[in-house]
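The structure under discussion appears below in the form of structure tokens.
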Amino acid sequence: MTGYGKSVLQLPTKKLTIELKSLNSKNLDINARMPSIYREKELAIRKLLAKKLERGKVDFSIYVETTAEDTSTQINTPVVKQYIKQLKDVAEGDDIDLLKMAVRFPDALNTVREEIDENEWKQIEAQIETAVSELNNHRLNEGKVLELDFNDRLKTISAILDEVITMDPERVEGVRERLLKGVQELREKYDENRFEQELVYYIEKFDITEEKVRLENHLNYFKECLNSTDSNGKKLGFISQEMGREINTIGSKSNYAPMQQLVVQMKDELEKIKEQLLNVL
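Okay, so the sequence shown: first residue is 1 according to the UniProt record's numbering, each after it adds one.
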């Protein structure tokens with residue numbers, strides 16, 4: 001969601017600079033700053049930004065620089081002359097000094113409220129769209145970098161999962177040996193058939209086949225959504241949560257230190273994916 005866009009419009013009497021900055025946010029949060037003359041168009045600007053940007057903390061600004069002799073403030077000559085006359089009646093003084101005093105009094109200056117020229121506004125609106133497009137291009141470039149990072153981390157998790165699958169028979173045999181050793185240390189006679197039945201039950205209870213299959217499915221679905229043209233940051237977030245559940249379950253069921261070490265590595269990669277997902281629309 002991070003991006004920056006800028007556009008400059010040169011008009012006959014002024015130069016307008018339009019800036020857009022976007023940061024991460026769960027929702028769309030627009031902060032608009034502009035001269036008072038354009039305030040009546042703020043709602044239209046917000047609608048345009050909401051349609052184009054969807055999510056993010058967005059700072060929108062219009063800066064105006066006057067480039068010609070054009071001002072909406074004028075001296076109220078009759079009032080100023082009257083002030084000077086009254087000042088002379090009170091005390092003698094230089095005309096320049098009296099003028100400096102007079103222009104500070106109420107109503108000495110008239111400010112005429114400017115109206116937006118619709119032709120001018122159409123040009124400004126076009127430049128706003130240009131700035132939005134630039135910001136979205138910036139977001140797109142950032143997204144391509146994130147996509148490469150996600151794919152690398154998904155490959156790493158998938159490779160670690162393959163190690164877990166390869167290690168599983170060794171884990172099962174290790175569990176069997178530990179149970180058998182524990183029973184033998186009791187120095188009691190035991191029914192071997194019954195022991196095998198209990199062993200099968202115990203191993204089935206800690207079987208991780210379903211978790212391995214579901215995790216593989218989640219990895220494939222994540223890749224599929226990643227390649228989609230739709231905005232799906234929230235969906236990817238949900239998939240990553242499901243991936244986390246399967247990885248945690250494998251860890252709790254493994255009961256085998258080497259496999260638990262692999263689980264920790266998968267968790268680390270997944271956490272890095274979750275952190276970066278905050279940047280995805």
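By construction, the Cβ of each residue, glycine as well, lies at the ideal position given by its N, Cα and C atoms.
Item: Under 7 Å Cβ to Cβ from Leu135, same chain only, skipping five residues before and after it: list those, please.; Value: Gly3, Tyr4, Gly5, Leu20 and Ser22
Item: What span of residues does the alpha helix (DSSP H) with Lys26 cover, start to end?; Value: That residue, Lys26, is in no alpha helix (DSSP H); it is neither H nor E in DSSP.
Item: What's the C-alpha gap between Lys144 and Val264?; Value: 28 Å
Item: Whole-angstrom Cβ separation of Ile62 and Leu16, contact assumed at under 8 Å?; Value: 6 Å
Item: Of all the options Lys272, Met167 and Arg194, which has the alpha carbon lying nearest to the alpha carbon of residue 362?; Value: An answer regarding residue 362 cannot be provided, because it is not within the stretch 1 to 281 covered by the chain.
Item: Run the CB neighbour count on Ile208, radius 10 Å, all protein chains shown included, and call it buried at 16 or more, exposed below.; Value: buried
Item: Is there a Cβ from chain C that is less than 9 Å from the Cβ of Ile250?; Value: The displayed structure is made up of one protein chain only, and chain C is not part of it.
Item: Tell me whether the beta-carbon of Lys267 lies closer than 9 Å to the beta-carbon of Gly244.; Value: yes
Item: Where do the ends of the alpha helix (DSSP H) carrying Ile273 lie?; Value: Ala257 to Leu277
Item: Can you grab the Cα-Cα spacing for the pair Ile116 / Ile37, in whole Å?; Value: 7 Å
Item: In whole angstroms, what separates the C-alpha of Leu281 from that of Ile157?; Value: 23 Å
Item: At which residue ranges does the segment 191-215 contain complete alpha helix (DSSP H) runs of 4 or more residues, listed in the order of the chain?; Value: 192-205
Item: For Pro258, which option in Glu170, Arg33 and Asp97 has the closest C-alpha, if you only look at C-alpha atoms?; Value: Glu170
Item: Among Lys81, Phe150, Val132 and Asp29, which residue has its Cα nearest to the Cα of Val58?; Value: Asp29
Item: Considering just the uninterrupted stretch of the alpha helix (DSSP H) at Phe238, what are its terminal residues?; Value: Gly233 to Ser254
Item: Under the assumption that Asp107 contacts Val79 (Cβ atoms under 8 Å), give the Cβ distance between them as a whole number of angstroms.; Value: 5 Å
Item: Under the rule that 16 or more other beta-carbon atoms within 10 Å means buried, what is Ile269, buried or exposed?; Value: The residue you asked about is not Ile; residue 269 is Glu in the sequence shown. Glu269 should be labelled buried.
Item: Who does Ile84 pair with in a DSSP beta bridge?; Value: According to DSSP, Ile84 bridges with nothing at all.
Item: Please work out which residues of its chain come closer than 6 Å, Cβ to Cβ, to Gly237, disregarding the five sequence neighbours upstream and downstream, and give them in chain order.; Value: Leu277
Item: Measuring CA to CA, which of Phe206, Asp162, Val103 and Leu161 is closest to Gly174?; Value: Phe206
Item: From residue 288 to Glu242, what distance separates their C-alpha atoms?; Value: Residue 288 falls outside the range modelled here, since the chain spans only 1 to 281, and no answer is possible.
Item: In this structure, does DSSP put Glu65 in helix, strand or coil?; Value: strand
Item: For the alpha helix (DSSP H) containing Leu99, list its first residue and its last residue.; Value: Asp95 to Ala102
Item: Quick check on Glu271: buried or exposed, where buried means 16 or more other Cβ atoms within 10 Å of its Cβ?; Value: exposed
Item: When DSSP labels each residue in this structure, what does Thr229 get in the three-state scheme?; Value: coil
Item: List the whole-angstrom C-beta distance separating Gly56 from Asn31, where the pair is believed to meet the contact cut-off of C-beta under 8 Å.; Value: So it is not a contact: roughly 11 Å between Cβ atoms.
Item: Do you know offhand how far Val213's Cα is from Asn232's?; Value: 24 Å
Item: Considering just the uninterrupted stretch of the beta strand (DSSP E) at Leu9, what are its terminal residues?; Value: Gly3 to Gln10
Item: For Gly251, which of Leu48, Val164, Asn220 and Ile84 has the nearest alpha-carbon?; Value: Val164
Item: According to the Cβ coordinates, are Leu215 and Ile247 closer than 9 Å?; Value: yes
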